[in-house]
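Quick note, the sequences are listed as chains A and B, same order. At position 387 of the first sequence the residue is numbered 388 (the numbering used here), and the sequence of numbers has no breaks. At position 576 of the second sequence the residue is numbered 577 (the numbering used here), and the sequence of numbers has no breaks. Using N, Cα and C, we set each Cβ at its ideal position, and we do this for glycine too. Just so you know, these numbers come straight off a predicted model, no measurement behind them.
Protein chains: 2
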Amino acid sequence: LHRYSATRHPVTGLSPSVGGGVRFGAMRFPSVIAAALLVGAPALVAQEPPIAEHGPQHTLMPVPRTVTRRDGRLRLDSTFTVAIARYDDARLRRAIARAVTRLEARIGRPLSRAIGTDASRATLVVNVERAGQTIQGPDENESYVLDISAGRAELRAPTVVGALRGLETVLQLGDRDESTFALPAVLIDDAPRFPWRGLLIDVGRHFMPIEVIERTLDGMAVVKLNVLHWHLSEDQGFRVESKRYPRLQELGSDGSYYTQAQIREVVAYARDRGIRVIPEFDMPGHSAAWFVGYPRYASGPGPFEIVRRFGIFDPVFDPTREEVYTFLDGFVGEMSRLFPDPYWHIGGDEVNGVQWKANARIQAFMQRRKLKDKEALQAYFNQRLSRILTRHGKRVVGWDEVLHPDLPRNTVVQSWRGIENLAKAAEAGYAGILSAPYYLDQIQTAEEHYVADPLPGWTTLTAEQQRLVLGGEACMWAEHVTPETIDSRIWPRLAAVAERLWSPRTVMNVDDMYRRLAATSVRLEAVGLTHESHTERMLRRMLDDRPSPGLRAFMEAVQPVNFGQRARMEPLTQQTPLVRAIDAARPDPPARWNTIRLVEAAIASGPPNDSARRVVRERLTAWRDAGASVKAVAEAKPSLREVQTAADALSRVAAIGLEALDMITTGTRPAPGWGETTLAELTKYDGPQGLLRLVVIAPVKRLVERAALNSH
Amino acid sequence: LHRYSATRHPVTGLSPSVGGGVRFGAMRFPSVIAAALLVGAPALVAQEPPIAEHGPQHTLMPVPRTVTRRDGRLRLDSTFTVAIARYDDARLRRAIARAVTRLEARIGRPLSRAIGTDASRATLVVNVERAGQTIQGPDENESYVLDISAGRAELRAPTVVGALRGLETVLQLGDRDESTFALPAVLIDDAPRFPWRGLLIDVGRHFMPIEVIERTLDGMAVVKLNVLHWHLSEDQGFRVESKRYPRLQELGSDGSYYTQAQIREVVAYARDRGIRVIPEFDMPGHSAAWFVGYPRYASGPGPFEIVRRFGIFDPVFDPTREEVYTFLDGFVGEMSRLFPDPYWHIGGDEVNGVQWKANARIQAFMQRRKLKDKEALQAYFNQRLSRILTRHGKRVVGWDEVLHPDLPRNTVVQSWRGIENLAKAAEAGYAGILSAPYYLDQIQTAEEHYVADPLPGWTTLTAEQQRLVLGGEACMWAEHVTPETIDSRIWPRLAAVAERLWSPRTVMNVDDMYRRLAATSVRLEAVGLTHESHTERMLRRMLDDRPSPGLRAFMEAVQPVNFGQRARMEPLTQQTPLVRAIDAARPDPPARWNTIRLVEAAIASGPPNDSARRVVRERLTAWRDAGASVKAVAEAKPSLREVQTAADALSRVAAIGLEALDMITTGTRPAPGWGETTLAELTKYDGPQGLLRLVVIAPVKRLVERAALNSH
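Take a look at the structure:
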């Protein structure tokens, strides 16, 4: 489960050393801003990296390895055509057809669907050397060169997968200027920094229908991710049809599982987008749902039920009985035909050992084999399981806990307990992927994810060890998400992680990331994701009505409490409807960063920035009125009453901000001690207000600090 | 195609006599409001029909036949349980499970999923007599009684379908009061006025994926509609997999068609919701897509192509050759196994006769058989086709044009050319359904659809003839819609049609309809429809950004031009991307009726209604500023420039409204002639402004008329 173990930071889900100097929560300004303040506040518009000195800034995400701007633009109009110059196959053609459809929607004109082969006459020439791997692995070549002049564009790539990446770049480059839609003339030479860039989706705790998976794959393709890590079994549900062991899904899924035809459909859908699908069947723990249908493979006495609560539970496979391995061999044999990826995730996390301890036969086995603790017994299980997987042609991936002296050398370790575990694995010679700082369910900011690097500048790993760091995976654990809310929890923050894993390490300007993230978020909506329409859609249902402007303003200034806070405050189970204000609120709403930037502009030294001050005043005024707005709505709709605390807190915080802004504008000197008292009051509002957190404390503190300077 | 023929009103798509006194366009106040003005303007909140004198007004849509309010409320909390008291089957259980899930989302608490059989201990007892028809037909019993006291609720119905209708009523009744979710104690005795209440979806001109069809079925179930009329073939596409004649879909569909498995899935999905699925394979005209794969069944020489433009085209089946009927017999035989409904729609509309006239062999056939014109030849074809369908157990439905002395007596005539044709059919002894006033693609108001009655009070049909009027169908023709926009064109206006066809004729208060429509619209969103999030989602894509408040306000005050206007102004084909401001705009936006009501309140006689005047002033101010808002946005995003005309017009109209409101508020006397001059100026803005129309001319005219009274 990865967030209940004591070794984790209970609130952020991160180990303390991750992220080098990033502060969690809004108590202080992030370090990037703090640095910016030292050198004088920048203007409202972010500064880098522009495509060139002249011309508009690009909104590419992830930022390519190199971008060289040229003079001119390539106009795209109804004469647009595509030609395939060299290697040609159905996957490439489908990808071009999808790209043309998306381009049509942006240009607003029908385009030719014919794909030619005469490179001399096409607007866009796709020049690919070969198909790429029959079964895509982490060593697939994803590079491409995009060569655009005023006359034509050429996309060159060694593989179809590289061309897929390049097509996304084309779509992100296109923009309208006056009445022309055009691509800037540019030379882009691009390749990923890390070969393994993934997203885990947990469909065990809350099942996600096939549409959710497919639209997520569409979004992943937009930001050049290449691994869907599909967490398919949990204490709360077993989600794949097994024809060999049908009681797995029949008794373990409440009827919510993927048929084998659907699995094949998703794998094909992902391959069409250059995305690998790695199944995870978590074992030996997190496996209660298996035992509902097959209790005899458990270490404790049955019967078993699907678990409804969340946490770490006792049911665990029995590693001491041969029939368990016979069963697993049959299971892996069946499933390995559904999942062609060369890797297979065995889970391996959070085994509490309770059932092993209580079982005399298992204890005797351990003594006989000199397995001194539960870790040793699990290592034994992993070795047996690894041998089965090897026989079926699979390499093993497992969570941190699998790291043990007896672990087969070709295992990949997925680090959820901290980047130091990733380093430890690399030092021991294991390949690894980082997940610790990319837990989307923790409700952190995009910035916090963005600044966490699998290979930070301060790494002490050797060059050879560094090559073992394959990349990272963001994790969407599903205690607190449903098909209705999951998009809002994944997007757009995942795009920041995607950039961290694709772009050079030096691409780390948080301000510019947020500028491009805003454009990317809208782009992601256009492929079918629902994160942008999420909040208002859910509010309408809560209210049976459209939300008022006051309520809208309020929701822009709050986010959910984090995972641990919610888990402690609410007695949630798998069956609790997730339809409240906390579910409607979005993590890291755009107003957070925008307001930080606006306030910096409003208080910058030099001549007063009147427009920034006016906008800050308008926002603060709307937020000050939030308490009354919410009260008015909640009178008719009591389901909203629970946010009154947060609304009143926001009102007070905004009133303080207005007071400070007035002092700054008029040069009024505050009463002695006002600054300290007021900052202390603001700090009071910095924790959970009910199930919500305010996201605008930091900029208001900045205003107060600046106003307090008037006294000197 | 139903909108290109000369017999139709070119703009509204209605024949002039339909709708008894309703005026199309916003030139004048609708008659209901005009009547209200005569008796003194009502307050802001609509007056009827309340559930009772005491207690809140219900938001049921359609309004049940009788509703008797009792004292008290039935609290729904986590102790809620359901029991099935008598007849029990899987369809009923699935329906209850869906209802419980939706109830959970409204209550915000997990409910028991167990369905008991002990009626004495359940909160909701479902008491059904029998399954209902094995294959649902128009004579299915859909009635139910809902008997709610403070202690428990009982839903009694003769059939499972009746229970489905009653469950929707339960979901619409539930509301939150203080912190309790509850049903009002009430006795509802309900049954539909008409047995045939449908929606046509044209998937020929633009293909609609299965998800669109299924979410539409979910919405239809909410408002108790019972027929999906699936228009599956057109000049622009043939949309069903035929295993017997595979070139139909292989060459006629661009790859966009339903597999037979998907057809079966939709039919089952619909049956689960008490909805019949009637296929339409339009013939002998509107059939070019058939002939791409099978040119030999056409009356003219091939080869044929899928038609990309919209209109009436020449390709038509050859009624004179026996092999055509052999083919159709094989086709009907195959398809009739997919579509179990007892009815089958043969189309039969808009045959222009060009290919028949040009074919000497066909002309000779007509002379030989004494078929004097194309209508007679079509009647011959229809007779032959009807015999085939009868042999396969199907009753025939056809459009108006099939009405001919030789038409088999058991044919159902679907009237698209006017209610007078429906009456003519009934007088000739044919059953009929009305579609003329329910063309959703025409972009009319919900009110216009609502007041059109299949059997208006002034009907001259005998009681027996009236029984032949089975109901009506709204039509969603798909020239101007895509999967992305179709929800916004169907919903929520279809709910007004649904009420017209279900509720007693006396339920006709337009103001109350709009009050309930607003709640219904949000309810429809909760089953997965996208109409409420539509405008902003599309704007975000156009802007690559979130829309400004000014642009939002502008979009609330405009709607698309109507079908004919757009068809004349834009050279649209099937391949034109529909992604512009006209596609983002919604028909009959809520601000239209709201503003009419607010203005009535603001100018009512008696003491001034300050709050209404303040809200009117705020809205008009936002709209006055629209011109500048749009200009600012369009500078960066030229795709928006095309709405500048409409934005400037709205600015001017709103400025006039503000001027008039000032005069009313201050009692200022306008200059002589001001009223007439100003009304004339407003009339200038009453037509298309580019591809948009303003929806707030009428209330501004009211303000001007009222201000002009000051001169007397």
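When the Cα atoms are used, what is the spatial distance from residue i to residue j?
{"i": "H535(B)", "j": "P484(B)", "result": "11 Å"}
{"i": "V40(B)", "j": "K632(A)", "result": "Residue placement at V40(B) is flagged as unreliable, the pLDDT there being 32, under the threshold of 50; the coordinate-derived value follows with that caveat. When rounded, the distance between both Cα atoms is 36 Å."}
{"i": "G312(B)", "j": "V562(B)", "result": "18 Å"}
{"i": "L172(A)", "j": "T60(A)", "result": "11 Å"}
{"i": "T684(B)", "j": "E636(B)", "result": "29 Å"}
{"i": "N360(B)", "j": "H232(B)", "result": "29 Å"}
{"i": "R369(B)", "j": "V317(B)", "result": "20 Å"}
{"i": "P715(B)", "j": "R581(B)", "result": "Nothing can be reported for residue 715(B), as the shown portion of chain B is limited to 2 through 713."}
{"i": "D616(A)", "j": "T596(A)", "result": "Residue identity check: residue 616(A) is Val in the sequence provided, not Asp. Rounded to whole angstroms, V616(A) to T596(A) spans 9 Å at the Cα level."}
{"i": "L641(B)", "j": "L579(B)", "result": "14 Å"}
{"i": "E706(A)", "j": "E448(A)", "result": "23 Å"}
{"i": "L104(A)", "j": "P280(B)", "result": "34 Å"}
{"i": "A37(B)", "j": "L599(B)", "result": "Only weak support exists for where A37(B) lies, its pLDDT of 33 falling under 50; the coordinates are left without a value."}
{"i": "S712(B)", "j": "R703(B)", "result": "15 Å"}
{"i": "L45(B)", "j": "A164(B)", "result": "With a pLDDT of only 32 at L45(B), under 50, the local geometry of the prediction cannot be trusted, and no value is derived from it."}
{"i": "R388(B)", "j": "Y326(B)", "result": "10 Å"}
{"i": "D236(B)", "j": "G133(B)", "result": "38 Å"}
{"i": "V528(B)", "j": "Q576(A)", "result": "19 Å"}
Just grab the DSSP bridge partners of residue i for me.
{"i": "G433(A)", "result": "V414(A) and V470(A)"}
{"i": "W231(A)", "result": "I202(A) and P280(A)"}
{"i": "A183(A)", "result": "R76(A) and D176(A)"}
{"i": "W492(A)", "result": "Answer by DSSP bridge pairing: none, since W492(A) is not bridged."}
{"i": "I189(B)", "result": "V68(B) and L147(B)"}
{"i": "Y259(A)", "result": "V241(A)"}
{"i": "I116(B)", "result": "V83(B)"}
Along chain B, which residues have their Cβ under 9 Å away from the Cβ of residue i?
{"i": "E533(A)", "result": "S534, E537, R538, R541 and R547"}
{"i": "K638(A)", "result": "R177"}
Would you mind telling me which residues of chain B sit closer than 7 Å to residue i, beta carbon to beta carbon, in chain order?
{"i": "E306(A)", "result": "The premise fails here: E306(A) is roughly 14 Å from chain B at the closest Cβ pair, so nothing lies under 7 Å."}
{"i": "A633(A)", "result": "Going along chain B, no residue has its Cβ under 7 Å from A633(A), so there is no contact; the nearest lies around 13 Å."}
{"i": "E105(A)", "result": "P578"}
Can you pull the chain A residues whose beta carbon is under 8 Å from the beta carbon of residue i, in chain order?
{"i": "G109(B)", "result": "P578, V580, R581 and S640"}
At what residues does the beta strand (DSSP E) containing residue i begin and finish?
{"i": "A158(B)", "result": "A154 to T160"}
{"i": "V397(B)", "result": "R396 to W400"}
{"i": "H346(B)", "result": "Y344 to H346"}
{"i": "L662(B)", "result": "Segment Q645 to T667 is the alpha helix (DSSP H) holding L662(B); no beta strand (DSSP E) there."}
{"i": "A84(A)", "result": "V83 to I85"}
{"i": "P561(B)", "result": "V559 to P561"}
{"i": "R694(A)", "result": "L693 to L695"}
Which residues mark the beginning and the end of the alpha helix (DSSP H) in which residue i is found?
{"i": "Q384(B)", "result": "K375 to R392"}
{"i": "E130(B)", "result": "Note, E130(B): premise wrong, no alpha helix (DSSP H); beta strand (DSSP E) at L125 to R131."}
{"i": "L249(B)", "result": "R248 to G253"}
{"i": "W357(B)", "result": "V355 to A359"}
Mind pulling the chain A residues with CB within less than 7 Å of residue i?
{"i": "A183(B)", "result": "The contacting residues do not exist; A183(B) stays about 12 Å from chain A at best."}
- Message: To be precise: take each residue of the region 557-578 of chain A, compare its Cβ to all Cβ atoms of chain B, and keep it if any distance is under 7 Å. Which residues remain?
- Response: T574, Q576, T577 and P578
- Query: Taking Cβ-Cβ distances below 9 Å as the criterion, which residues of the region 542-556 of chain A are in contact with chain B?
  - Reply: R542, M543, L544, D545, D546, R547 and P550
- Residues, ordered as in the chain, of the region 500-529 of chain A that lie near chain B by beta-carbon distance below 8 Å: A519, A520, V523, R524, E526 and A527
- Identify each residue in the region 234-247 of chain A for which the Cβ-Cβ distance to at least one residue of chain B is less than 7 Å, and report them in chain order. none
- Please list the residues of the region 208-226 of chain B that have a C-beta atom closer than 9 Å to any C-beta atom in chain A, keeping them in chain order. E212
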